[in-house]
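Peer 1: Position one of the sequence shown corresponds to residue 501 (the numbering used here), numbered consecutively onward. In this text, a Cβ means the ideal position worked out from N, Cα and C, and glycines have one as well.
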Amino acid sequence: MGEYDVVCVLIPTYNEAATISEVVERFRAEGFERILVIDGGSTDGTQELAREAGADVVQQSGDGKGQAVREGVGLIEEPYVLLVDGDSTYRPEEAGRLLEPLLSGEVEHVIGDRFADMQPGAMTRLNKVGNRVINRAFAFIHGRDLQDILSGYRAFTRRSFERLTLSADGFGIETEMSVECVKHDVETAVVPITYEPRPEESETNLRPFRDGGNIIVRLYQMARTNNPIFYFGSVGVVSAITGVFLAGFVAYRYFVRGISHEVIALASGVALLFGLQLVMFGVLSDLIVTANRRQGRRIDRIDERLEAIESASVGGAMGSASIDGSDAREQRSGERESDRREAVETAPGGSREGAPSDDGRRGAKGDDGDTESGYSGD
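(1) Counting beta carbon pairs with one atom in the stretch 539–549 and one in the stretch 508–522, are three or more of them shorter than 8 Å?
(2) Could you give the DSSP three-state label for I611: helix, strand or coil?
(3) Please report the distance separating the alpha-carbon of D648 from that of T589.
(4) Among the candidates Y695, Q795, S651, whose CA atom is the shortest distance from the CA of P620?
(5) Could you give the distance in angstroms between the alpha-carbon of R658 and the alpha-carbon of G652?
(6) Which ranges does the beta strand (DSSP E) cover as unbroken runs of at least 3 residues, wholly within the stretch 657–739, from first to last along the chain?
(7) Quick one: Cα of G630 to Cα of D617, how far?
(8) For G566, which option in E578, D585, I802, V690 has the closest C-alpha, if you only look at C-alpha atoms?
(9) Does G866 pass the burial test, meaning 16 or more other C-beta atoms within 10 Å, or should it be called exposed?
(10) Between G733 and the rest of its own chain, which residues show a CB-CB distance below 6 Å, the 5 nearest in sequence each way excluded?
(11) For the stretch 626–642 against the stretch 559–577, do three or more pairs of beta-carbon atoms, one drawn from each stretch, fall closer than 8 Å, so that the two count as touching?
(12) Would you mind sorting Q560 into buried or exposed? The rule is 16 or more other CB atoms within 10 Å of its CB.
(13) Rounded to a whole number of angstroms, what is the C-alpha to C-alpha distance between I802 and F774?
(14) Is the beta carbon of S768 sitting closer than 8 Å to the one on G743?
(15) Could you tell me which residues DSSP puts in a beta bridge with T546?
(16) Please report the distance separating the alpha-carbon of C508 from that of A771.
(17) Do G672 and R718 count as a contact pair if the criterion is CB distance below 8 Å?
(18) In the DSSP assignment, find the unbroken alpha helix (DSSP H) run with V629 in it and report its ends.
(19) Look at the alpha carbon of A555 and the alpha carbon of S811, and state the distance between them as a whole number of angstroms.
(20) How is I759 classed by DSSP in three states: helix, strand or coil?
(21) Please say whether L646 and S678 have beta carbons closer to each other than 8 Å?
(22) Using the Cβ count rule (16 or more neighbours within 10 Å means buried), how would you classify E680?
(23) With a threshold of 8 Å on Cβ separation, who are the neighbours of R753 within its own chain once the five nearest residues in sequence on each side are excluded?
(24) Here's the rule I'm using: 16 or more other beta-carbon atoms within 10 Å means buried, otherwise exposed. How should L787 be labelled?
(25) On the CB-based measure, 16 or more other CB atoms within 10 Å of its CB, does D800 come out buried or exposed?
(26) Cα-Cα, which of F755, I511, D711, R793 is closest to R654?
(27) Taking L626 as the reference, which of R724, I693, R710 has the closest Cα?
(28) Along the beta strand (DSSP E) that carries V509, what are the first and last residues, could you check?
(29) What are the partner residues of D556, as DSSP defines its beta bridges?
(30) V557 and D539 look like a contact to me (Cβ under 8 Å); what is the Cβ gap, rounded to whole Å?
(31) Reducing DSSP to helix, strand and coil, say where V744 ends up.
(32) Apply the 10 Å Cβ neighbour rule to N726 and answer buried if 16 or more other Cβ atoms are within range, or exposed otherwise.
(33) Helix, strand or coil: which one does DSSP assign to V581?
(34) Does the Cβ-Cβ distance between V691 and G748 come in under 8 Å?
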């Protein structure tokens with residue numbers, strides 16, 4: 501049994517013909533036998549090349565990287581998943597770095613940090629700035645610094661993935677996974693990896709402004725259930741500040757210029773009240789979320805204990821059944837042996853009392869050769 505037989509490499513692809521063969525072959529050279537490619541309808545022969553290289557290929561039923569990841573994990577039976585892009589920007593030789601803390605049981609999710617060793621030309625300046633902004637926003641909003649939440653090189657247990665609530669279809673899947681790991685207290689580690697430039701003949705499907713904007717919006721949306729104080733409080737603070745500014749303007753115009761602005765004064769009051777209500781609602785929501793999270797942790801611990809008890813019971817039942825079966829076989833064997841002996845003893849010519857003995861059956865001979873019956877030859 502190989503070291504990585506319990507691991508499945510998952511590669512979502514779309515028009516990666518220039519690199520997919522090399523990626524699959526390099527992973528196979530590292531000892532990975534199970535490689536699953538989820539292809540989003542490539543038109544450049546990606547599927548055929550992946551099959552020829554030794555990967556299992558499945559035509560994606562939906563659209564987007566996020567949907568491909570969810571579909572792929574649903575098809576995987578191995579307990580560990582190694583997620584990687586098919587553009588040859590990640591090194592298969594570094595897979596062991598991600599899998600080591602996972603296979604040892606230290607954590608349930610591992611993220612490869614691209615910024616630890618980013619090769620020249622691997623990322624444009626615009627993308628670097630965008631990644632930094634998103635990473636800092638994530639740390640501020642969700643309270644955990646994972647260094648590179650947009651990394652496409654990850655390893656995780658299939659069981660921990662099933663605990664995550666994921667709905668993103670596009671490139672927001674990495675962001676969603678990172679937020680859900682924090683939300684559900686999934687033990688997560690970050691390891692350094694090398695990030696290499698995409699080959700010239702390989703085109704990226706990432707659109708910095710559109711995808712970056714969607715990721716930031718998604719970060720804010722997911723704060724509703726992970727950090728409601730920020731989700732409601734940020735809007736509430738902006739509204740309250742706006743109300744204060746308008747109130748100051750109205751006061752200045754009224755007391756200095758003698759001009760009244762009833763409509764603006766009304767708007768400032770509404771903005772102040774709305775802002776304060778949102779902040780209070782955020783605080784109350786945070787209390788509810790915190791209580792539910794604690795309750796969820798208790799339920800998870802109870803589930804783990806029940807599973808452990810069930811596993812122990814099943815193991816004990818199997819052992820007991822094995823022992824009972826062995827005893828039954830021994831008992832049946834003993835009964836058969838007893839029946840055989842009884843049959844031999846009760847058969848004609850047997851040795852029971854009143855039956856002829858072996859000597860009687862043979863007819864013992866005298867010294868002169870005559871038989872005991874008295875007959876002799878003349």
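Peer 2: From the atom records:
(1) Three or more Cβ pairs closer than 8 Å define a contact, and the stretch 508–522 meets that threshold against the stretch 539–549.
(2) Here residue 611 refers to the residue found at position 111 when the sequence shown is read from its first residue. It is a strand residue.
(3) Locating residue 648 in the sequence shown gives position 148, counting from the first residue. Locating residue 589 in the sequence shown gives position 89, counting from the first residue. Roughly 15 Å between the two C-alpha positions.
(4) For the purposes of this step, residue 620 is taken as residue 120 along the sequence shown, with counting starting at 1. It is Y695 whose Cα lies nearest to the Cα of P620.
(5) As a working note, residue 658 is residue 158 in the sequence shown. As a working note, residue 652 is residue 152 in the sequence shown. Taking the straight line from one Cα to the other gives about 17 Å.
(6) 688–695
(7) Taking the first residue of the sequence shown as 1, we reach residue 630 at position 130. Taking the first residue of the sequence shown as 1, we reach residue 617 at position 117. Their backbone Cα atoms lie some 18 Å apart in a straight line.
(8) Walking along the sequence shown from the start, residue 566 turns up at place 66. Nearest option by C-alpha distance: D585.
(9) On the sequence shown, position 366 is the one that residue 866 refers to. A caution first: G866 carries a pLDDT of 43, below 50, which makes its placement in the model too unreliable to give a value.
(10) By one-based count along the sequence shown, residue 733 stands at place 233. The residues are V779, G782.
(11) no
(12) For the purposes of this step, residue 560 is taken as the residue at position 60 of the sequence shown. Buried: at least 16 other Cβ atoms inside 10 Å.
(13) On the sequence shown, position 302 is the one that residue 802 refers to. On the sequence shown, position 274 is the one that residue 774 refers to. Cα-Cα distance, rounded: 42 Å.
(14) On the sequence shown, position 268 is the one that residue 768 refers to. On the sequence shown, position 243 is the one that residue 743 refers to. Cβ atoms of S768 and G743: closer than 8 Å.
(15) Translated into the one-based positions of the sequence shown, residue 546 becomes position 46. In the DSSP output, where bridge partners are listed per residue, T546 has none listed.
(16) Looking up residue 508 in the sequence shown gives position 8. Looking up residue 771 in the sequence shown gives position 271. Looking at the two C-alpha atoms, the distance is approximately 54 Å.
(17) Taking the first residue of the sequence shown as 1, we reach residue 718 at position 218. Taking the first residue of the sequence shown as 1, we reach residue 672 at position 172. Yes, Cβ-Cβ distance for R718 and G672 is below 8 Å.
(18) Residue 629 sits at position 129 when you count from the first residue of the sequence shown. 625–642 is the span of the alpha helix (DSSP H), which, as asked, contains V629.
(19) Here residue 555 is taken as the residue at index 55 of the sequence shown, counted from 1. Here residue 811 is taken as the residue at index 311 of the sequence shown, counted from 1. Distance between the alpha carbons of A555 and S811: 34 Å.
(20) Indexing the sequence shown from 1 puts residue 759 at position 259. Reduced to three states, the DSSP call for I759 is coil.
(21) On the sequence shown, residue 678 is found 178 positions in, with the first residue counted as 1. On the sequence shown, residue 646 is found 146 positions in, with the first residue counted as 1. It is a contact, given that the beta carbons lie within the stated cut-off.
(22) For the purposes of this step, residue 680 is identified with residue 180 of the sequence shown, where counting begins at 1. By the 10 Å Cβ count, E680 comes out buried.
(23) For the purposes of this step, residue 753 is identified with residue 253 of the sequence shown, where counting begins at 1. I759, S760, H761, listed in sequence order.
(24) Along the sequence shown, read from residue 1 onward, the residue named residue 787 stands at position 287. Exposed.
(25) What you label residue 800 is simply residue 300 of the sequence shown in a count that begins at 1. Per the 10 Å Cβ criterion, exposed.
(26) Position 154 of the sequence shown holds residue 654. If we check each option's Cα against that of R654, I511 comes out closest.
(27) Looking up residue 626 in the sequence shown gives position 126. Out of R724, I693, R710, R710 has the C-alpha closest to the C-alpha of L626.
(28) Indexing the sequence shown from 1 puts residue 509 at position 9. Where V509 is concerned, the enclosing beta strand (DSSP E) stretches over 507–513.
(29) One-based indexing of the sequence shown puts residue 556 at position 56. L536, per the DSSP bridge assignment.
(30) Taking the sequence shown and counting its residues from 1, one reaches residue 557 at position 57. Taking the sequence shown and counting its residues from 1, one reaches residue 539 at position 39. About 6 Å separates the two Cβ atoms, so the contact holds.
(31) What you label residue 744 is simply residue 244 of the sequence shown in a count that begins at 1. It is helical.
(32) As a working mapping, residue 726 is identified with position 226 in the sequence shown. Label assigned to N726: buried.
(33) Position 81 of the sequence shown, counting from 1, holds the residue named residue 581. Residue state, collapsed to three classes: strand.
(34) Counting from 1 along the sequence shown, the entry for residue 691 is found at position 191. Counting from 1 along the sequence shown, the entry for residue 748 is found at position 248. No. Outside cutoff.
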